[in-house]
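Chemist: I'd like to ask some things about the structure below.
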Amino acid sequence: MRLTALFLFTFFSYGLTQAQEISGTVVDTTGQPIPFATVSLKKTRDSTLAKITISDTGGVYEFAAIPAGQYYIVVAAVGYFTIRTTTFELKDSVRVPPIIPKFSGVLDMVQVTAIKPLLQVQPDRIILNVEGNINAAGEDALDLLRKSPGVTVDNTNSISLSGKNGVQVYVDGRPTYLSGSNLAQYLETLQSSSIESIEIITNPTSRYEAAGSAGIINIRLKKDKSLGTNFTAGAGYNLGTYSKYNANLSFNHRDKQLNFFGDYNYHNATTLAHSIYNRTLPDTLLLQQAVLVITTVSQTFHAGLDYFLNKNSTLGVLIGGSLVTDSVKANSSTSIVNIPTHTTDRLLVADNRTSGLRDNYNFNLNYRYDGSKGRLLELNADYAVYRLRKDQLQPNDYFDSTGQHFLYSDSYNILSPTNIDIYSIKADYSMNGLKGQVSFGAKVSYVTSDNSFREYDLENSGKILDSLSSNNFTYNENVNAAYINYSRAFKKRLTLQAGIRVENTTGKGNSVGWQQSLTDYTVYDSTWSRHYTDLFPSASLSWKDWTFTYSRRIDRPDYQELNPFVFKIDDYTSAKGNTQLQPQYANNLGLTWSYKYALSATLSYSHISDLFSSVPDTTDRSRTVNTDVNLAGQDILGLNVSYSFQYKWYSAFVNVNAFYASYKANFGVGKVIDLNVFNTTIFSQHNFQLGRGWSANLSQYYTSPTIYQATLRSHTVWSIDGGLQKTLFNGRATAKASVSDIFYTFRWAATSNYSGQYIYTAGTTESRQLKLNFTWRFGNNQVKAARQHQTGAEDESKRVSSGTGGGTP
6 MRLTALFLFT FFSYGLTQAQ EISGTVVDTT GQPIPFATVS LKKTRDSTLA
56 KITISDTGGV YEFAAIPAGQ YYIVVAAVGY FTIRTTTFEL KDSVRVPPII
106 PKFSGVLDMV QVTAIKPLLQ VQPDRIILNV EGNINAAGED ALDLLRKSPG
156 VTVDNTNSIS LSGKNGVQVY VDGRPTYLSG SNLAQYLETL QSSSIESIEI
206 ITNPTSRYEA AGSAGIINIR LKKDKSLGTN FTAGAGYNLG TYSKYNANLS
256 FNHRDKQLNF FGDYNYHNAT TLAHSIYNRT LPDTLLLQQA VLVITTVSQT
306 FHAGLDYFLN KNSTLGVLIG GSLVTDSVKA NSSTSIVNIP THTTDRLLVA
356 DNRTSGLRDN YNFNLNYRYD GSKGRLLELN ADYAVYRLRK DQLQPNDYFD
406 STGQHFLYSD SYNILSPTNI DIYSIKADYS MNGLKGQVSF GAKVSYVTSD
456 NSFREYDLEN SGKILDSLSS NNFTYNENVN AAYINYSRAF KKRLTLQAGI
506 RVENTTGKGN SVGWQQSLTD YTVYDSTWSR HYTDLFPSAS LSWKDWTFTY
556 SRRIDRPDYQ ELNPFVFKID DYTSAKGNTQ LQPQYANNLG LTWSYKYALS
606 ATLSYSHISD LFSSVPDTTD RSRTVNTDVN LAGQDILGLN VSYSFQYKWY
656 SAFVNVNAFY ASYKANFGVG KVIDLNVFNT TIFSQHNFQL GRGWSANLSQ
706 YYTSPTIYQA TLRSHTVWSI DGGLQKTLFN GRATAKASVS DIFYTFRWAA
756 TSNYSGQYIY TAGTTESRQL KLNFTWRFGN NQVKAARQHQ TGAEDESKRV
806 SSGTGGGTP
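Going by my numbering, the residue at position 314 of the sequence shown is 319; the numbering climbs one at a time, nothing skipped.
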C-alpha cells in the first residue's frame, strides 16, 4: 500500500514546473475592465499563434499549460486600437501587467460599445449569449432551449440534442436537481433576465459525470464584477391568450473578507393549450380533442456565502431551491368509434383536474484551495431533498353517440406523493505536471426514493381504495466514481486532452402491493437489485484548425422510470415504468474544422445501445399503455455548420444542424421498430445597432421532420421572433419589447404506426406572445463576480422526474 501511495505521489508530482500559466487583465485608460476582448498569445520566434482566448466580464484572461519559451500578447477589442505587448520570457507562471489599449475614436464624439456575439462556436461547445438578445426578453430557459442550435424539445417537453436523448442540464456548473416534467417546469421558472448564456457541451471531459450520452447543457446565470454592493431588479409581462408576469431580484456584496450573493425569481403564468390525440386500434377508433388551462406559480431562490480564509483558501456555503404549485384543467372529449360497424358507440367526456406541489431544497458546503503552479483542490458535500405531491381527479363520463344522454361514469382519484433524498461527497484536485496539467478526483453518492401510489374509485358511497391498482415503490442507489484527466499543449499548435472515469453502481428496488390469485387476493413483495461497474474514456486532439473528440457516456433510468405503477391518463390511456429498464450507453466521435473564428463545421457519429424510449402498446385490443423500454440501439451521423458575420451596425449568426438517425428494436410479432430520418435544423439571429441606445433583433428557427420517442415521426416546425431594445439612464436600465412566433407557426404534430395502432397527435400553445421587460441596476456596477462553483450531487439529482410511472402521450 505504501509503495502504491509513493508511486502515485511521484507520478502526479513529476514535472510540476514543466508547464505554466499566463494570466492578466485588459482595462481601459480609467482602469475599467474591457470584456470580450480577443487575446492572442504568440511565439516570439516566428509569430505563430500559441493560444487564443477571450477576456471575461471582468476583463480577465488566462492561458493554461503553456510550455516555457518567449512570447508576446496581442489584444483586439471592438472600439479600440489593436495593441501588442513586449516580449517576455516564460519560465514559471506569469501575471502580466494590465494591458491598456487606446480608444479608436474620440470619447466626447463617439460612444464605443463592445458587443458580445450572440453565438460563439468552440470545438467542444456552442455558446448562446442570452444577455443582449432582445428576443430573449420575457422568455424562460425552456423557450430558449427550444430555439437553440441542435436542441429539440418534443411534445412532452423532453430535451434532445442532435437527435439524441440523454441530455444533462446544469445551472452555473451545478445540478438542476430535476429531470423529466419537473426539469421542464423548473426551466420555465428561470427567466431570461437572469441568464447570461447557455453552453451546449458536446464532449465533456472525464471530470464531468459520465451521465449525459448526448452531452451537457449548462445555463450560466448573470454575475457582477468588483468590490462593493450591487442589486439588479427586473419585471416582465407577457400577453398571449392569458397574462403572465415575472419578477426577479439579485444581489452581490463583496469585500476583502467575504462574498455574499443570491437571487430570487417569481413566476406566475396561465397558459392555454389545445391537443389532438387520435388512435386507430384493432377494433376501435378513438378521436380525442382536449383543451388545457395550465396555471403555474413558482419561486426559485439561491443564496451563497464565500469566506476567504487567506489568499489561497475559500470556504463556502450554498443554499437553493424551488417552490412550485401548479394546476391543470384538461377538458377532453373522445369519440369512441367501432371499426367493424363504422358507428360511434359512445362519447367519453373527461374533465381532468390535477394539482401538484414540488418542493426542492439543496444544501452545499464547499472548500477551495487555489495554490501556485496550477494546484487546485475543491471539496464538496451536498444534500438535496425533494417532496413531490400530485392529486389527480379523473371523472370519466360516458354519453351516447349524440352526447345528449348520460350512460354511466367511471371516476377515480389518484394520490402519488414521492420523497427523494440525495447525499454526495466529492473531491477534485488538479496541478501542473508531466509538461501539462493533471486532474483527478472521486465521488460517493447515495439516493433514497420512496413512492406511494393510491388509486381510489369514486362511487356514491365515497372513495374506495383500489388495492390492485395501488402499491408502494422504494429504490436505493449508491454510485462510487473516480477519474483522472491529462491535458497538454505541444509545439506546432497541437493540444491533447485525455482522461478516464470509472463508476460503480449498486441499486435495489422494492414494490409492495396486492395481486389477484385464482381464489383470493394476496400481498406481493417484489425485490430486485443490480450491480455494475463501467469505464468511461474521453479524449480530444487539436491541431491547428482541426479537433478530434471521443467519449463514452451513460444514462441511468430516472428513479420514476423504474417505478412499475400504472398511471391512468383516462380509461383508454395509461403509462407505467419498468423495473427491468437498463442504462443506455453511448460512444461519440467528432471532427471539427474552424476557419478564422467565423466558420465552423463538425462531423459527428454516435452509437447508443439499449436506448431509452417510451413506446405505446395495446391491451384488451382497445386500450393504450405507454411503457418505458430499452431499444436495441440508435445510430446518428450528423453535420453541424456555423457562420458568424459582422459589418458595422449589422451582425448575424447562422447555424445549420443536419443528422441522419436510425432506430431499431424487436419486441415480437407486430412490435418491430425500424425507422430512420434525415433532419435539418436551421437557426439564425440578426442584430441591428440603430444608434442612441436603440437596437433590434430578428431570429428564425426551422426544423424538418424528426423522430420522437422512437415511434413518433414529427412534422416541420418553424417560427420567427422580433424585438426592440432601448438602454436608459446611462446604461443602468434596459427596456425591451418583443413578439415571439410572429406568424403563429410553432405548432407540433406527429404520427406513429406501431403495435397494431396508428396514432396522430398534434397541438398548439400560446407561442405567439407580446413580451415587455424592464431591468434596473443600482449600487456599484462593478461588483466582482460571485465565485463560479459546481456542487457534487450532479448526476443523481437530474434523474428526479415527475413522480409518475412512465411518460404521457
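All C-beta atoms in this analysis are idealised placements derived from N, C-alpha and C, irrespective of residue type, glycine included.
1. Per DSSP, what are the beta-bridge partners of residue 753 in this structure?
2. Closest to residue 305 by CA distance: which of 311, 276, 252 and 292 is it?
3. Taking all protein chains shown into account, decide if residue 551 is buried (16 or more other Cβ within 10 angstroms of its Cβ) or exposed.
4. I need the DSSP call for residue 293, collapsed to helix, strand or coil.
5. Hey, out of 745, 739 and 675, whose CA is closest to residue 762's CA?
6. If contacts are defined as beta-carbon pairs under 8 Å, then residue 450 and residue 484 qualify, I think. What distance do you get, rounded to the angstrom?
7. Are there three or more Cβ pairs, one per stretch, closer than 8 Å when the stretch 30 to 42 is compared with the stretch 79 to 95?
8. Rounded to whole angstroms, what is the Cα-Cα separation between residue 473 and residue 689?
9. Give the range of the alpha helix (DSSP H) segment to which residue 33 is assigned.
10. Going by beta carbon distance, what residues of the same chain come within less than 6 Å of residue 294, once the five residues before and after it are set aside?
11. Please list, in chain order, all residues of the same chain as residue 318 whose beta carbon is under 6 Å from its beta carbon, the five residues on each side excluded.
12. Closest to residue 759 by CA distance: which of 59, 752 and 670 is it?
13. By Cβ distance below 6 Å, which residues in the same chain neighbour residue 777 in space, the five residues on each side in sequence not counted?
14. Work out the CA separation of residue 269 and residue 234 for me, nearest whole Å.
15. Could you pull the start and end residues of the beta strand (DSSP E) that residue 396 belongs to?
16. Taking 6 Å as the limit between beta carbons, can you name the residues of its chain near residue 325, skipping five residues before and five after?
17. As an exercise, report each continuous beta strand (DSSP E) stretch of at least 3 residues that is fully enclosed by the stretch 244 to 304, in chain order.
18. If contacts are defined as beta-carbon pairs under 8 Å, then residue 665 and residue 683 qualify, I think. What distance do you get, rounded to the angstrom?
19. Taking C-alpha atoms, which residue in 298, 476 and 706 lies nearest to residue 817?
20. Apart from the five residues on each side of it in sequence, which residues of its chain come closer than 6 Å, Cβ to Cβ, to residue 700?
21. Is the separation between the beta-carbon of residue 587 and that of residue 563 shorter than 8 Å?
22. So, using beta-carbon positions, are residue 71 and residue 54 closer together than 8 Å?
23. Using a Cβ distance threshold of 8 Å, determine whether the stretch 434 to 445 contacts the stretch 481 to 496, with at least three qualifying pairs required.
24. Identify every residue that forms a DSSP beta bridge with residue 539.
25. Could I get the ranges of all uninterrupted beta strand (DSSP E) runs contained in the stretch 681 to 728, with 3 residues as the minimum, in chain order?
26. Can you tell me where the alpha helix (DSSP H) with residue 148 in it begins and where it stops?
27. Is any heavy atom of the ligand PLP found at a distance shorter than 7 Å from the C-beta of residue 293?
28. So, helix, strand or coil for residue 585, using DSSP?
29. Can residue 629 and residue 713 be called in contact, C-beta distance under 8 Å?
30. Cα-Cα, which of 392, 240, 431 and 353 is closest to residue 382?
31. Only counting the same chain, and skipping five residues up and downstream in sequence, which positions put a Cβ closer than 6 Å to that of residue 275?
32. Any idea what DSSP makes of residue 461, helix, strand or coil?
33. Taking only runs of the beta strand (DSSP E) that begin and end inside the stretch 40 to 66, which ones reach a length of at least 3 residues, in chain order?
34. Please name the residue, chosen from 354, 754 and 145, that lies closest to residue 815 on a Cα-to-Cα basis.
35. At which residue ranges does the stretch 406 to 454 contain complete beta strand (DSSP E) runs of 3 or more residues, listed in the order of the chain?
Modeler: Based on what the coordinates show:
1. 768
2. 252
3. exposed
4. strand
5. 675
6. 5 Å
7. yes
8. 53 Å
9. It is not in any alpha helix (DSSP H) - residue 33 carries neither H nor E in the DSSP assignment.
10. 281 and 338
11. 374
12. 670
13. 242 and 742
14. 17 Å
15. 381 to 404
16. 307 and 367
17. 248 to 259 and 263 to 285
18. 5 Å
19. Here the chain covers residues 6 to 814 and nothing more, so residue 817 does not appear.
20. 694 and 730
21. no
22. no
23. yes
24. 508
25. 699 to 708 and 717 to 719
26. 146 to 151
27. Although the ligand PLP was asked about, the structure shown includes no ligands whatsoever.
28. coil
29. no
30. 431
31. 247 and 300
32. strand
33. 43 to 48 and 54 to 59
34. Nothing can be reported for residue 815: it is not among the residues displayed for the chain, which extend from 6 to 814.
35. 411 to 420 and 423 to 438
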